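In the UniProt record's numbering, the protein residues as written are 1 to 369. To start, the structure under review is shown below, and the notes come after it.
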Amino acid sequence: MSVVRGEARRRWLLVTALVAALCSIPFAIAAFPVAGADVDPQRLRGLILGSAERPYQGLAESTGSLGIPDLPGLDDATGLLGGTSRMRVWYDAPENWRVALVTATGERDFLRSKTGLAIWDYESEQLTKIQGAQTVRLPNAADLMPPDLGRRLLRLSTPADRLTGLDTRRIAGRSAAGLRVTPADSATTIGSVDIWADPETGVPLEVRIVPRGGSRAVLTTRLLDVRFARPAASAVAPRFAPGVRTSEVDTFDLLARLASRTTERMPASLAGRPALDSTPSIASVRAYSGGYSSFVVAPLPGRYGRRVFEAARTAGAGSLAVSRGEALALQTSVLTAVLVREEAIGRTFLLAGPVRPDLLRTAANELIS
1 MSVVRGEARR
11 RWLLVTALVA
21 ALCSIPFAIA
31 AFPVAGADVD
41 PQRLRGLILG
51 SAERPYQGLA
61 ESTGSLGIPD
71 LPGLDDATGL
81 LGGTSRMRVW
91 YDAPENWRVA
101 LVTATGERDF
111 LRSKTGLAIW
121 DYESEQLTKI
131 QGAQTVRLPN
141 AADLMPPDLG
151 RRLLRLSTPA
161 DRLTGLDTRR
171 IAGRSAAGLR
181 VTPADSATTI
191 GSVDIWADPE
201 TGVPLEVRIV
211 PRGGSRAVLT
221 TRLLDVRFAR
231 PAASAVAPRF
241 APGVRTSEVD
251 TFDLLARLAS
261 RTTERMPASL
271 AGRPALDSTP
281 SIASVRAYSG
291 GYSSFVVAPL
301 PGRYGRRVFE
311 AARTAGAGSL
321 AVSRGEALAL
331 QTSVLTAVLV
341 REEAIGRTFL
351 LAGPVRPDLL
361 RTAANELIS
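Quick look at the structure:
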């Protein structure tokens, strides 16, 4: 038995026994504001953005209620955004960390090092190494860690967005200072992004995304316990047993793998938003940057594209008028996904983001014009 598997099994038994105690107390006490000096929101923003080098380790939980329907091959991502997940984290530096997604039967580990990202699947005893950085991909458990998600969301804010302070709260046994970003762009479906962070280190402890016009968060991720201490090297990069099954891939997930099979190349801009750089191996998948109204576009090849299109129709997607094809829109309180199929040669594209359908319709028309 490998060192990783033995360690995972022991930790899983402990988590099973103690998870109720670990999770109930933080939720109960987090509801109450606590005494403490409020931090200026601009200063807190700077602390948060500068916290990436702060080491920490702990237990986190994320809860999503985005209501995304299951589409073929996308269940891992929709499960993360539409349910509750618990993760252990050992974070040493931006390029040296490990996140373990705890499941009912074990765990799935995401390991980041200077050589890239690797995924260890406890059940199958399979180590998968990802070659190169993926500019556009489906979300995984590591993306839901409050520190990383908080910094990433804060980097999307623009000077036009409103920044206000929030009451200090007790999170993971610590007094946490809060700020709220209210997007100015009417094209986004995000009403506010709330972040509470440790006022000394700037490390985000809790992140909430609230839809426009709503009052309840559709995604909440928080640290339930945390220690600001450098984790042991053996925890960040555990030793695998000799002969463990290992594979190397260029693409991170099903969406990227399918897109890599197409020769389609996305335009440099869509709907007035510039494209981000692509990963060379999957240049057909691109994100278009517009702050909180950013979105991603991917071509879906052949039969898979037709399957996803029909699955969206079955899931109750509404029709969206486009100039030279057929389009369907799936919308939750925050996320919008549009599938567009061109009439002439039957190309299918997926467009998705926290934006209003009209913006994606504009982008879809530009794609198939």
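In this text, a Cβ means the ideal position worked out from N, Cα and C, and glycines have one as well. None of these values were measured; they are calculated from a predicted model.
- The three-state reading of DSSP puts residue 42 in helix, counting H, G and I together.
- In the structure shown, residue 48 adopts helical secondary structure according to DSSP, grouped into three states.
- Within its own chain, the residues whose Cβ lies closer than 6 Å to the Cβ of residue 126, once the five positions on either side in sequence are excluded, are 245, listed in chain order.
- Residue 221 and residue 345 have their C-alpha atoms some 43 Å from each other.
- The C-alpha of residue 320 is placed about 7 Å away from the C-alpha of residue 326.
- One alpha carbon belongs to residue 243, the other to residue 95, and they sit about 26 Å apart.
- Assigned with DSSP and collapsed to three states, residue 103 falls in strand.
- In this chain, residue 289 is not harboured by any alpha helix (DSSP H), its DSSP state being neither H nor E.
- Note that the C-beta distance between residue 172 and residue 223 is below 8 Å.
- By the Cβ rule, the segment 156-170 does not count as touching the segment 330-339, because fewer than three pairs are nearer than 8 Å.
- When DSSP reads this structure, residue 220 sits in a beta bridge with 63, 208.
- With respect to the 8 Å criterion, residue 156 and residue 179 are not classified as neighbours on the basis of their beta carbons.
- Residue pairing for residue 275: DSSP places it in a beta bridge opposite 288.
- Contact between the segment 310-319 and the segment 282-301 is absent, with fewer than three C-beta pairs closer than 8 Å.
- Between residue 289 and residue 276, the C-beta spacing is below 8 Å.
- Non-local beta-carbon contacts of residue 112 in its own chain, meaning distances under 7 Å to residues more than five positions away in sequence, involve 95, 96, 97 in chain order.
- In the same chain as residue 226, and ignoring 5 residues on each side of it, the C-beta atoms closer than 6 Å to its own belong to 56, 58, 172, in chain order.
- Annotation for residue 130: the continuous beta strand (DSSP E) segment containing it runs 126-130.
- Rounded to whole angstroms, the separation of the alpha carbons of residue 158 and residue 206 is 21 Å.
- With respect to the 8 Å criterion, residue 322 and residue 189 are not classified as neighbours on the basis of their beta carbons.
- The three-state secondary structure of residue 171, taken from DSSP, is strand.
- When the alpha-carbon of residue 357 is set against those of 347, 117, 294, the nearest one is in 294.
- Close CB contacts of residue 229 within its chain, under the 8 Å cut and outside five residues either way in sequence, are with 55, 56, 57 (chain order).
- In the structure shown, the three-state DSSP call for residue 304 is helix.
- For residue 343, the number of other beta carbons within 10 angstroms of its own is below 16, and it is reported as exposed.
- Contact between residue 195 and residue 368 does not hold, since their C-beta atoms are separated by about 38 Å, which reaches or exceeds 8 Å.
- Within the model, the alpha-carbon separation for residue 292 versus residue 250 is close to 29 Å.
- With a threshold of 16 other beta carbon atoms within 10 Å, residue 40 falls short and is exposed.
- Taking C-alpha positions only, residue 338 is separated from residue 89 by approximately 34 Å.
- Looking from the CA of residue 305, the closest CA among 266, 329, 328, 348 belongs to 348.
- In the displayed model, residue 113 falls within a strand according to three-state DSSP.
- Assigned with DSSP and collapsed to three states, residue 361 falls in helix.
- Ranked by Cα distance from residue 198, the options 192, 308, 177, 186 are led by 177.
- Nearest C-alpha to residue 210 among 236, 109, 183: 183.
- Only buried fits residue 273, as 16 or more other CB atoms lie within 10 angstroms of its CB.
- Assigned with DSSP and collapsed to three states, residue 319 falls in strand.
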